[in-house]
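Heads up, the thing below is written out as structure tokens.
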Amino acid sequence: MNNEQLALETKGVTVKLLSTVDLGAEIEGMAGRQLRMRMVTIEPGGVFGPIHDHKDRPGVVYILKGTITDHRNGVATDYGPGVGWPEDRNTTHWLENRGTIPAVEISVDIVRQE
Numbered sequence: 001m002n003n004e005q006l007a008l009e010t011k012g013v014t015v016k017l018l019s020t021v022d023l024g025a026e027i028e029g030m031a032g033r034q035l036r037m038r039m040v041t042i043e044p045g046g047v048f049g050p051i052h053d054h055k056d057r058p059g060v061v062y063i064l065k066g067t068i069t070d071h072r073n074g075v076a077t078d079y080g081p082g083v084g085w086p087e088d089r090n091t092t093h094w095l096e097n098r099g100t101i102p103a104v105e106i107s108v109d110i111v112r113q114e
């Protein structure tokens with residue numbers, strides 16, 4: 001079983017919506033899209049899954065506290081406070097907290113309005 005198969009369900013994750021901007025009113029051609037900022041907390045042993053992609057939903061992540069392990073293409077990479085990563089159309093991944101304290105990230109992405 002590879003790492004991608006281990007991330008079956010989200011558990012131990014809290015997501016708080018911080019802000020949104022309707023991009024249709026700001027940028028021509030962006031109707032139906034919004035810029036979204038969230039605070040995501042992953043408890044120790046928590047998983048942000050299942051494996052998902054970012055096609056049509058680009059974003060960036062910045063770690064505030066703890067360590068988050070990002071699983072992509074069979075490679076696990078640990079990111080700690082003050083570090084971030086891009087999530088572009090080629091990103092397919094899942095996240096987990098292997099640490100002993102809650103991990104907190106700020107996630108900013110462009111999404112279709114619901």
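Just so we're aligned, residue 1 is where the sequence shown starts under UniProt numbering, counting upward by one. Beta carbons are placed, not taken as given, at the ideal position from N, Cα and C, and that holds for glycine. Since the structure is predicted, the reported quantities are computational estimates derived from the model, not experimental observations.
The alpha-carbon separation between Val61 and Glu105 amounts to approximately 7 Å. Rounded to the nearest whole angstrom, the C-alpha separation of Gly59 and Arg98 is 23 Å.
For Pro50, the enclosing beta strand (DSSP E) starts and ends at 33-53. Restricted to the stretch 74-101, the beta strand (DSSP E) segments that are unbroken, complete and at least 3 residues in length are 75-79, 84-87, 92-96, listed in chain order. Counting every other CB atom within 10 Å of its CB across the protein chains shown gives Gln34 a total of 16 or more, marking it as buried.
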